[in-house]
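For the sequence shown, the positions run 231 to 317 when our numbering is used. Quick reminder that beta carbons are idealized off the backbone N, C-alpha and C, glycines included. Quick notes on the structure that follows.
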Amino acid sequence: APESLRETVDALRRGEDPDPQSDLLADLACHPSLKAGDALSDETARKLVAALAACETPYACPHGRPTVLTLAPGTLARGFERAPTRE
231 APESLRETVD ALRRGEDPDP QSDLLADLAC HPSLKAGDAL SDETARKLVA ALAACETPYA
291 CPHGRPTVLT LAPGTLARGF ERAPTRE
């Protein structure tokens, strides 16, 4: 991909030692991923969550972006205009 090549050249210019194989594998892993606005059936969602749970490092994609977020119960309650409950 042209962008991957640019990033590798930029890293070399900065004196960094890029790992092209690792970068390529990360790109290949993320390229077919679910994008915002994609349609998703309940069954597909369940399969994706199960596959994520089986990953060696399920909390981030190969590029380091988070795959899981934690929300406090109060955040959800406020979002639905409800008083938070005590835990």
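CB-CB under 7 Å to Cys-260, same chain, minus the five flanking residues each way: which ones, in chain order?
The sequence position of residue 260 within the sequence shown is 30, counting from 1. Cβ neighbours of Cys-260 beyond the five flanking positions: Cys-291, Pro-292, His-293.
I need the DSSP call for Ala-313, collapsed to helix, strand or coil.
For the purposes of this step, residue 313 is taken as residue 83 along the sequence shown, with counting starting at 1. Three-state DSSP puts Ala-313 in coil, outside helix and strand.
Could you tell me which residues DSSP pairs with Pro-292 in its beta bridges?
Your numbering for residue 292 matches position 62 in the sequence shown. According to DSSP, which records beta bridges pairwise, Pro-292 is partnered with nothing at all.
Is it true that the CB of Tyr-289 sits closer than 7 Å to the CB of Val-279?
Position 49 of the sequence shown holds residue 279. Position 59 of the sequence shown holds residue 289. No, the pair does not count as a contact, with Cβ atoms beyond the cut-off.
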